[in-house]
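Heads up, the thing below is written out as structure tokens.
In my numbering, the protein residues as written are 751 to 1286.
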């Protein structure tokens, strides 16, 4: 019996449904653009459709608004968008896996050790979400059915958090953060405003004094035991202070007063240490070098490195480990001396009096003052610091004050290197440059070292990216740092793209998005795609 026009139309509709959903899946995996030929070759795996017939269907679908195409002058065609038709065919769901759904009617068999019988036993016991499964105890699950042994129960509880929908995790985390900012009297979220001039609490005393230790006692100073020094710790002479709760000491993510810039911790509550590069010429780890410079007193230090290389994280880490206050000021072309030291303002009696700025107050309190992008600020503001750099005293002319800072006060400036990528950065004049001890802080050269740090930060609560995929991402990032004309992916960029993966993006799509995000006007993200295909 010959097929009727309606039969052919229905078959074509089914083919278009498979084709459109296949395109959506490939767009998600590849990051937004796929060659037409890749789709026409792949579709025969799921439906009886030849290459030319698939190409014709895509042309028809383009005319009806299903597909968006980019036809290059050379004849190549790229699919850039799709409106999937109907629900996803089961053959595609089986091949690519289920799409992200709400945490309802879940199938626990996605957990590696859950069999059909265990899945049914868990549902019969009242478990309906991965959140419930993740918060269960081993004793709760053991024995619900014969195959559900104690070791399997432990494995289920360990893996379950990976399958909790990201929306659930984000909502829970947001509620915890909000609770920290709820006013006890009004029971409402509030802003916090700190009067810098009124924040006059000095940092703690050196631990060797309050605990009656010898000044060179190892328990009273920072000992470099990370990176290259992990197997052979080095005492640096930088004393630990005795007040870990000082408001300017960097807080951990688990601290009650933690903010969005809190230091991440591992599963044992310890701060995740930075990936520490060796200073290229001095060939010593930068945490050791910086700590030793800070141990020398108010010796100004200049930390030079590309964006996202971890300059500020290293400083914050050292301040946390030694209970030192951390005061960071971002400089720009409009930064004046009064932004650093404070303006003259009228008091309640109408008298003009000095009001302390962040830098002046930080020096009075004994904090480590960090001036980011120091070279870009006005020359007059930089010159106002010369006496502090030379003699260790600060002359604030407008205030009529000569200040000898607190003995624990330190000064560090950060800046980008004078390369083409940072062509908008102002060079530092030689008179100012010569007053600093300069340390270069490059990107980490060793893939495994950066991988260990990134893995600890990204997967600390649950697995976001498996280690094998994370290694490929880090390897590609290292490739971008070696090719001057490519957009450069820093360690900070890698944490951001892992966030995209947690949100539901595929790894290659997340990498492409971040390459696009950091590209300069004269750089083309597409130049990296062929190399990216070799990794992901």
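Using N, Cα and C, we set each Cβ at its ideal position, and we do this for glycine too.
Contact between the stretch 1058 to 1073 and the stretch 1090 to 1102 is not established, with fewer than three Cβ pairs separated by less than 8 angstroms. Note on geometry: alpha-carbon atoms of residue 1081 and residue 1121 lie some 7 angstroms from one another. Here residue 808 has 817 as same chain residues with Cβ atoms under 6 angstroms from its own Cβ, once five neighbours each way along the sequence are excluded. For residue 1160 and residue 877, the gap between their C-alpha atoms comes out near 55 angstroms. Separation of the CB atoms of residue 1074 and residue 1158 is rounded to 7 angstroms, and the pair is thereby assigned contact status at 8 angstroms. The Cβ neighbour count for residue 1203, taken over all protein chains shown within 10 Å, is at least 16; the residue is labelled buried. Going by DSSP, residue 988 is part of the beta strand (DSSP E) stretching over 984 to 989. Within the stretch 1167 to 1232, the runs of alpha helix (DSSP H) that reach at least 4 residues and sit entirely inside it are, in chain order, 1180 to 1183, 1197 to 1208, 1217 to 1232. Residue 1168 counts as exposed, since fewer than 16 other C-beta atoms from the protein chains shown sit within 10 angstroms of its C-beta. Counting along the chain, residue 1112 sits inside the alpha helix (DSSP H) bounded by residues 1108 to 1115.
Minimum Cα-Cα distance from residue 974 among the listed residues 866, 1209, 1039 corresponds to 1039.
As computed with DSSP, residue 1029 is found in no beta bridge at all. Rounded to the nearest angstrom, the Cβ distance from residue 1028 to residue 1035 is 6 angstroms, consistent with a contact under 8 angstroms. In the DSSP annotation of this structure, the continuous segment of the beta strand (DSSP E) that includes residue 831 starts and ends at 827 to 832.
For residue 1022, the secondary structure class from DSSP, reduced to helix, strand or coil, is coil.
In its chain, beyond the 5 residues on either side, 992 have a beta carbon closer than 6 angstroms to the beta carbon of residue 960. Put simply, the backbone Cα of residue 1149 is about 6 angstroms away from that of residue 1104.
Bounds of the alpha helix (DSSP H) holding residue 1263 are 1257 to 1268. Here DSSP, grouped into helix, strand and coil, assigns residue 1140 to helix. Straight-line spacing of the CA atoms in residue 954 and residue 1192 works out to 32 angstroms. Residue 1078 sits in a strand when the DSSP states are folded into three classes. By a beta-carbon distance limit of 8 angstroms, residue 1164 does not contact residue 1230. Their separation comes to about 22 angstroms.
Of all alpha-carbon atoms in 1235, 1257, 1252, 1285, the one lying nearest the alpha-carbon of residue 1270 is that of 1235. A direct Cα-Cα distance of roughly 7 angstroms separates residue 1022 from residue 1207.
When only Cα atoms are considered, residue 1048 and residue 1245 end up about 34 angstroms apart.
Of 1106, 1119, 1014, the smallest CA-CA separation from residue 1044 is found for 1119. Following the DSSP letters along the chain, one finds residue 790 inside the alpha helix (DSSP H) bounded by residues 786 to 792. Restricting attention to 1009, 1264, 964, the CA atom closest to the CA of residue 941 is found in 1009.
In the structure shown, the three-state DSSP call for residue 968 is helix. In the pairwise beta carbon analysis, the stretch 812 to 828 is classified as not touching the stretch 837 to 846: fewer than three pairs are separated by under 8 angstroms. Assignment of residue 1090 by DSSP, reduced to helix, strand and coil, places it in the helix class.
Distance from the Cα of residue 766 is smallest, within the candidate group 797, 786, 783, for 797.
Taking the C-beta atoms as reference points, residue 832 is found no nearer than 8 angstroms to residue 908. Annotation for residue 1246: the continuous alpha helix (DSSP H) segment containing it runs 1241 to 1252.
Linking residue 865 to residue 906 through their CA atoms gives a straight-line distance of about 11 angstroms. Non-local beta-carbon contacts of residue 1205 in its own chain, meaning distances under 7 angstroms to residues more than five positions away in sequence, involve 1217, 1220 in chain order.
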